[in-house]
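Note sheet for the following structure.
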Amino acid sequence: MSELFYNAVPNATRVAPPLPEPRQYPSEKPQRVYLFGTCVVDLFYPQAGMDAIHLLEREGIRVEYPQGQSCCGQPAYTSGYTEQARTVARSQLALFAGDYPVVVPSGSCAGMLREHYADLFKDEPDTLQQVRALAARTYELAEFLLFVCKVQFKDSGTPVKVALHTSCSARREMNTHLHGRELLSQLGNVERVEHSHESECCGFGGTFSVRMPDISGAMVADKTRSLKESGAHQVLSADCGCLMNINGSLEKQKEALRGQHLASFLWQRTGGAQ
31 MSELFYNAVP NATRVAPPLP EPRQYPSEKP QRVYLFGTCV VDLFYPQAGM
81 DAIHLLEREG IRVEYPQGQS CCGQPAYTSG YTEQARTVAR SQLALFAGDY
131 PVVVPSGSCA GMLREHYADL FKDEPDTLQQ VRALAARTYE LAEFLLFVCK
181 VQFKDSGTPV KVALHTSCSA RREMNTHLHG RELLSQLGNV ERVEHSHESE
231 CCGFGGTFSV RMPDISGAMV ADKTRSLKES GAHQVLSADC GCLMNINGSL
281 EKQKEALRGQ HLASFLWQRT GGAQ
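Each residue of the sequence shown is one higher than the one before, starting from 31 at the first, in my numbering.
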């Protein structure tokens, strides 16, 4: 990690929080789920959202996409704008009021719904009960495919080397950093290669990349250097915010290497895009 980053971050904040307890997963696939598409998917990577829907529908699940959904509120929350984040969160709660699972193609946004909405509504007992119910049925996409759908993928693609980037929230908050690896391990022609900065942040962090561009730029430079040195033909991530930052850096460097959302890669490799 860049010295610029380490000099800017107090020692106490470098320690990752303890991992959450393992979840209990339902024994049967649900007939219906919500998809929380996330604002970054909606605005920048809509194909990732469509491919997430395709993967779920292929499992025989009806996908509901409530109109009017927007941001999860994380940028406002992590920037200290609690009231604004609460307003956004409240509007999302009203859209996902049914009792079926909420699947999110982003560990970061799923983490906001599952881990931080409770903090926003800790002084509103009635709303807090609704928030906890939502948290209990919120799943990151790879987590849902692996442990609820129990997918067994068959690879229909040619041999390829990929490097997987896992977002900070997926790794340290959601404890879903191994799920993408397990799904990729089902694909016989896909070799996942390690890279030296695999566990480190890409530098996106929502508004962090705007408020502290020098630090963010140093972090993504470390990340992309690690990815290039890995020998991977392609970068994969389950978080579009990270992809946007990594791809932007690679494009500025005029590198051919690019990142793709895990949902799109899985859909293409398993014959869905044919």
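Glycine included, each C-beta is placed from N, C-alpha and C at the ideal position.
How would you call residue i, buried or exposed, if buried means at least 16 neighbouring beta carbons within 10 angstroms?
i: tyrosine 75; result: buried
i: aspartate 81; result: buried
i: alanine 127; result: exposed
i: tyrosine 147; result: buried
i: tyrosine 64; result: buried
i: lysine 253; result: buried
i: alanine 38; result: Reliability of the predicted coordinates at alanine 38 is poor, the pLDDT of 44 falling under 50, and the value obtained from them is presented with this limitation in mind. By the 10 Å Cβ count, alanine 38 comes out exposed.
Excluding the 5 residues flanking residue i on each side, which residues of the same chain have their C-beta closer than 6 Å to its C-beta?
i: glycine 210; result: Ala172, Leu194, Ala268, Leu292
i: glutamate 203; result: Gly141, Glu145
i: cysteine 139; result: Thr68, Cys102
Excluding sequence positions up to five away, which residues of its chain have a Cβ less than 7 Å from the Cβ of residue i?
i: glutamine 160; result: Leu123
i: valine 93; result: Val63, Leu65, Ile83, Leu86, Glu87
i: leucine 217; result: Phe183, Asp185, Arg299
i: cysteine 198; result: Cys231
i: glutamate 212; result: Leu176
i: serine 294; result: Gln77, Ala78, Asp81
i: arginine 162; result: Ala148
Can you give the Cα-Cα distance for residue i and residue j, rounded to whole angstroms?
i: threonine 117; j: serine 100; result: 12 Å
i: glutamate 89; j: isoleucine 245; result: 42 Å
i: glycine 301; j: phenylalanine 183; result: 10 Å
i: lysine 180; j: glutamate 224; result: 25 Å
i: glutamine 290; j: isoleucine 91; result: 24 Å
i: histidine 263; j: lysine 152; result: 46 Å
i: proline 60; j: proline 155; result: 29 Å
i: tyrosine 107; j: threonine 188; result: 43 Å
i: leucine 125; j: glutamate 259; result: 44 Å
i: alanine 326; j: arginine 120; result: With the chain covering 31 to 304 only, the question about residue 326 has no answer from this structure.
i: tyrosine 55; j: aspartate 129; result: 15 Å
i: glycine 261; j: glutamate 113; result: 45 Å
i: tyrosine 111; j: glutamate 285; result: 37 Å
i: leucine 296; j: aspartate 149; result: 34 Å
i: valine 178; j: proline 96; result: 22 Å
i: cysteine 28; j: threonine 157; result: For residue 28 there is no data in the structure shown, the boundaries of the chain being 31 and 304.
i: leucine 287; j: asparagine 277; result: 8 Å
i: glutamine 283; j: threonine 196; result: 22 Å
i: methionine 242; j: leucine 208; result: 30 Å
i: aspartate 72; j: glutamate 281; result: 21 Å
i: proline 105; j: arginine 53; result: 26 Å
Which whole-angstrom value is the C-beta distance of residue i and residue j, which I expect to be below 8 Å?
i: valine 220; j: tyrosine 169; result: Wrong, their Cβ atoms sit about 23 Å apart, outside the cutoff.
i: alanine 115; j: cysteine 270; result: Not confirmed; about 20 Å, so no contact.
i: serine 279; j: alanine 251; result: 7 Å
i: glycine 137; j: threonine 206; result: 5 Å
i: valine 240; j: leucine 214; result: Their Cβ separation, rounded to whole angstroms, is 32 Å, which puts valine 240 and leucine 214 out of contact at 8 Å.
For residue i, collect the residues of the same chain with a Cβ closer than 8 Å to its Cβ; drop the 5 residues on either side in sequence, then sort them by chain order.
i: glycine 274; result: The amino acid occupying residue 274 in the given sequence is methionine; glycine does not appear at that position. Once the five neighbours on either side are set aside, the close Cβ partners of methionine 274 are Val70, Phe74, Tyr75, Phe234.
i: leucine 143; result: Phe66, Cys102, Gln122, Val132, Val134, Leu164, Ala165, Thr168
i: glycine 98; result: Ser121, Leu125
What residue from the options has the CA that sits closest to residue i's CA?
i: leucine 266; options: Lys282, Thr157, Ala248, Glu228; result: Glu228
i: serine 57; options: Phe174, Gln97, Leu158; result: Phe174
i: arginine 222; options: Val190, Lys258, Arg53; result: Val190
i: serine 226; options: Phe238, Ser256, Met242; result: Ser256
i: phenylalanine 238; options: Ser138, Ser109, Asp72, Cys139; result: Ser109
Kindly say whether residue i, judged by its beta-carbon, lies nearer than 7 Å to any beta-carbon of chain B.
i: alanine 140; result: Absent from the structure is chain B; it holds one protein chain and no more.
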